[in-house]
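Chains as they are written, first to last, in our numbering: chain A, 139 to 476; chain B, 5 to 294; chain C, 785 to 1022. Backbone N, C-alpha and C fix where the C-beta goes; we use that ideal spot for every residue, glycine too. All remarks here apply to the structure that follows.
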Amino acid sequence: MVDVADTMPVADAGHTKRVSFSEKWAWLPVLVIAVCLPFLVSDYRLFQGTLTLNYALVLFGLTILTGYSGQISLGHGAFYALGAYITAILITRFDVPYWATLPVSAVVCLAVGFVFGRPALRLEGHYLALATFALAVATPQFLKHKVLQPYTGGVGGILFTKPEAPFDLPISADAWIYWFTLFVTAILFVIGRNLLKGRIGRALLAIRDHPTAARAMGVDSAFFKSMAFAVSALFAGVAGSLGAISVQFVAPDSFYPLLSIMFLVGAVIGGLHSWWGPLFGAMFLQFIPNITDDMSKSASWAIYGVLMILSVFLMRDGIAGAINRLWGVLRRIAGARA
Amino acid sequence: MQTLIHQIVAGLATGCIYASIALAISMVHQSTHQLNFAQGEMAMFSTFIAWALMQAGLSYFSAFALTVIVSFVLGMLIERFIIRPVGKTSQLSMVVVVIGLLLVCNSSAGWIWGYDVRPFPSPFPDDMRLLGGYVTAHEAGSFCITMAMLIALYLFFRFTPLGLAMRAAAQNPVSSRLVGVRVDLLFGVGWGLAAAIGAVAGITVAHVLFLDVNMMAGAVLYGFAAALVGGIDNPWGAIAGGFLIGVVENLLGAYVVGNDLKLTVALLIIVGVLTFKPAGIFGVQRVRRV
Amino acid sequence: MTAPLLQVQQLDAMYGKTQVLHSIDFAIESGHITAVLGANGAGKTTTLRAISGMVKTRGKIILDGRQIDNRKTESITRMGVAHVPDNRGTFIDLTVEENLRMGAYVRRDRDRVAEDFDMVYGYFPKLAERRKQQAGTLSGGEQQMLAISRALMLRPKLLLLDEPSFGLAPLVVREIFAIMRRINEHEKVSMLLVEQNANLALDLAHHAYLLESGRVKMSGEASAIKSDESIRRSYLGY
């Protein structure tokens, strides 16, 4: 049955304006603060910072997938879990040093992401959302299943020892883990950004906004879209590995279905069209639940939900977009005064 | 053989709930092109309202009727003040808003009524079995209630002017405005009806699943799957999909994978179906003009 | 002299940031057929859309003494403006009869609606034959007839027609235009007609406006424009 009709576009229609916030130097103070963080805050806050970086990495992958490639994923928790478990299993069963688990995690998640990305091409919008959500729901159930228990440790999960700073450097394990995470995250950010600024990014945008035209111009849309999926899975997987390293524990119930949904929510609220979006989104995901919990123990998620709705109402382009606009206003005021 | 029939019958009984949720989701999508991920939580919230009314002394059917009406109104209000303003922005923002709505419904139900599991009454006697013992009175009764609701909806959409206008507005909002239909208002009515349908589903299933804040979590997943498998804009497909998934889920759980994995396997089968028929079994493939 | 049925004053129309109409002025007399002519992209369809509230506008649109600019489309329809859009806009999944019933959706006078069904079937017998058929299965000409009929079911004060001849065989077009003249004469329905086929339009209309790049280039009696060869050559291409 074929019906000719006007359909709703899949992802954000009309958002061909790309990443804004052209202040190139803004990275510098943020980076300086980030590097100095272990000297500035307590161990617990540092731990939260580490988790924030993990989330930012996942969200960056989702920015590539959803912001650039226009595909919705409600299932990236699965890749996050995959990376985490790879790390845990390699450390406990194969005595692989923690840092060496990252490349393995990256490669495996890239491959799995590609394998999943191919059939996902046939699904659009809502259908892709459901398929990826099925993945998210399946993950904890598979991890708990008896068949995989010898590897995954079943419901109890896997525990391992905290990595210490190498070469007997006089820094705390928490600080070391933080810097390690920061290092990996920064490198992947830079690589990802450079990929997107060039041909690949343009190809993805073309495919997202005008798929037929892009194909007519010879862009292999299937390959690019699958690669976008694969790369976003890689980011989520490495983030998962880093997360496992920070917590030294993995268990099926840590990777509950709502986590996958919240990744997407974080990416959108942070701002899908800005390089800063993933960072703001990660901060939202990490800190807002604590704040709402302080406000009310029993209704904390309700308040969180209200804040999510308000964010969308008030900040059409996410937090990054709002800050952009604010910055523009401030500059105009400063310019008018000068 | 006897167990098989029992499983199928039980599957049809749970299928009522999935079919109702699927229908609600399909209706909302047909008119406003949004997937309401919060449909299940709204239904759960409505069920708590019914429970509270019964605690306050109302009879089952008075509480039922009043809850359906209140749910309808709440659905319309949500559409007017939360959904409509966001509808003009992107689809992804809508996903965030609807997830937020999900969290609000879930958590406020817990905040107001607590997180413990509680029993929910049924107007049908528990010890009665019908049709040669395969079916409990409640299962049969729920089935009849669901059928009555579906028939009423069919008659509404097919034979009343308002129903016709809603069908027209869902198919072609621009032309509907050009004949004077208040399209935005009717979309609100669509959300109200979906909420009311959810309320009916929640109330009928609460006796079996017991009422707690996470009662509808599994059902809404199956409801979504049913709506998508049946073809998201096809209400009949959604209903058929709901019953189909109810039966398949039960058979899978009894004969193939056991209860732990049946949710996963059911979903993976659905994903498989969608890979071969991306618009659903009864769906219409929409061709976009380039 | 009676006030015009529709008055448009200094009307600008925008699609997003692009301005398409620039300070347009015109008026339509009650009971008349007025044609809006011009090349592709002149802004003819936009003019109709502006009246129906489908695009953002600046300036005034006054219908029967009441200002209708920047109102919701459905409110404007309820005030008696029936718009037949350029893609016909039939409800393809509904039957012919259901389409017509939707046309009369806002009306409260049931018995006169029944009369209007008869009127419409009288003008377009082909529709009567196909009344239970799905509108999507009708031919192009029949869909146009259905679109016009649906608009008539409103008993509108003003009928807006966007390129009714588009994509139709000449014989069918002649038939439809003849019926439109009869409708105007018998039912006294005022019409604003957008047409690329200037010859047809000038034959039917009483007055005509010529648009070019979103501005009114000239206006006058249709017969005068038709007989003026220089105007026809330079503006209408024949």
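Mind listing the chain F neighbours of residue 961(C)? Cutoff is C-beta to C-beta under 7 angstroms, in chain order. Going by chain labels, chain F is absent from the structure shown, which instead holds the protein chains A, B and C.
> Between residue 165(B) and chain C, is there a C-beta pair that is closer than 9 angstroms?
Replying inline: By this cut-off, residue 165(B) is an interface position.
Next on the checklist: Per DSSP, what are the beta-bridge partners of residue 211(B) in this structure?
Outcome noted: According to DSSP, residue 211(B) bridges with nothing at all.
- Item | heavy atom of the ligand SAM below 8 angstroms from residue 182(B) C-beta | This structure lacks the ligand SAM; in fact it carries no ligand of any kind.
Ordered along the chain, which non-local residues of its own chain (more than five positions away) have a Cβ less than 7 angstroms from that of residue 235(A)? none
Item to check | Selected residue, minimal CA-CA separation from residue 264(A), among 457(A), 472(A), 213(A) and 451(A) | outcome: 213(A)
With a threshold of 16 other CB atoms inside 10 Å of the CB of residue 799(C), please say whether the residue is buried or exposed.
exposed
Quiz item: If we cut at 9 angstroms on Cβ distances, does residue 176(B) have a partner in chain C?
Solution: Yes, its Cβ sits closer than 9 angstroms to a Cβ of chain C.
Using a Cβ-Cβ cutoff of 9 angstroms, what residues of the stretch 252-263 of chain A are near chain B? List them in chain order.
257, 258, 260, 261, 262 and 263
In the DSSP assignment, the beta strand (DSSP E) including residue 1029(C) goes from what residue to what residue? Since the first residue of chain C shown is 785 and the last is 1022, residue 1029(C) is not available in this structure.
Worksheet item: Using a C-beta to C-beta distance shorter than 8 angstroms, which residues of chain B count as neighbours of residue 198(A)?
Response: Chain B residues near residue 198(A): none, gap ~16 angstroms exceeds 8 angstroms.
query = Which first and last residues belong to the alpha helix (DSSP H) in which residue 1009(C) is found?
reply = For residue 1009(C), the enclosing alpha helix (DSSP H) begins and ends at 1006-1011.
>> Going by the DSSP bridge assignment, what does residue 796(C) pair with across the sheet?
In response: 842(C)
task: With residue 820(C) as the anchor, note down where its alpha helix (DSSP H) starts and where it stops.
output: Element bounds for residue 820(C): not the alpha helix (DSSP H) but the beta strand (DSSP E), 817-821.
Who are the neighbours of residue 35(B) on chain C, taking C-beta pairs under 7 angstroms?
Simply none; closest approach about 14 angstroms.
Margin query: So, at 7 angstroms on beta carbons, what are the nonlocal neighbours of residue 137(B) in its own chain, with the 5 sequence-adjacent residues on each side left out?
Written below: Result list for residue 137(B): empty, nothing under 7 angstroms.
**Prompt:** In whole angstroms, what separates the C-alpha of residue 930(C) from that of residue 787(C)?
**Reply:** 32 angstroms
Inset, instruction - Just tell me which of 985(C), 994(C), 1008(C) and 940(C) has its CA closest to the CA of residue 789(C). - result: Closest option to residue 789(C), Cα to Cα, is 940(C).
Could you check whether the stretch 205-214 of chain B touches the stretch 451-471 of chain A, counting it as contact only if at least three pairs of C-beta atoms, one from each stretch, sit closer than 8 angstroms? no
| message | Would residue 210(A) and residue 267(A) be called neighbours here (beta carbons separated by less than 9 angstroms)? | response | yes
> Assuming residue 995(C) contacts residue 820(C) under a Cβ cut-off of 8 angstroms, what Cβ separation, rounded to an integer in Å, is found between them?
Replying inline: 6 angstroms
Who are the Cβ neighbours of residue 363(A) in its own chain at under 7 angstroms, not counting the five residues just before and after it? 207, 209, 255, 259 and 345
Between the beta-carbon of residue 380(A) and the beta-carbon of residue 323(A), is there less than 9 angstroms? yes
Using 10 angstroms around the beta-carbon of residue 152(A), count the other beta-carbons present and answer buried if the total reaches 16, otherwise exposed.
Since pLDDT at residue 152(A) reaches only 41, below the 50 mark, its modelled position is unreliable, and no value is offered.
Secondary structure at residue 993(C), three-state DSSP: helix, strand or coil?
strand
Is there a Cβ of chain B sitting closer than 9 angstroms to that of residue 443(A), yes or no?
Chain B, which has a Cβ nearer than 9 angstroms to the Cβ of residue 443(A), makes this yes.
Does chain C have any CB closer than 9 angstroms to the CB of residue 60(B)? no
Quiz item: Does residue 219(A) come within less than 9 angstroms of chain B when only Cβ atoms are used?
Solution: At a cut-off of 9 angstroms between beta carbons, residue 219(A) makes no contact with chain B.
message: In the DSSP output, what is residue 790(C) paired with across the bridge?
response: 812(C) and 847(C)
Subject >> Chain-ordered residues of the stretch 178-191 of chain B with a beta carbon less than 8 angstroms from chain C >> reply: 178, 179, 180, 181, 182, 183, 184, 185, 186 and 187
Review point. How many whole angstroms separate the CB atoms of residue 808(C) and residue 795(C), which I take to be in contact at a CB cut-off of 8 angstroms?
Key: Taking the Cβ atoms as the reference, residue 808(C) lies roughly 4 angstroms from residue 795(C), within the contact range of under 8 angstroms.
**Prompt:** Quick one: what does DSSP say residue 938(C) is sitting in, helix, strand or coil?
**Reply:** coil
**Prompt:** At which residues does the alpha helix (DSSP H) containing residue 976(C) begin and terminate?
**Reply:** Taken as a continuous stretch (DSSP letters only), residue 976(C) belongs to no alpha helix (DSSP H), being part of the beta strand (DSSP E) at 974-978.
Can you check which of these residues, 896(C), 822(C), 936(C) and 824(C), is closest to residue 861(C) by C-alpha distance?
Nearest C-alpha to residue 861(C): 936(C).
Coil, strand or helix - residue 269(B) by DSSP: Look at residue 269(B) here: in three-state DSSP terms it is helix.
*Beta carbon proximity, residue 870(C) to chain B, threshold 9 angstroms*: no
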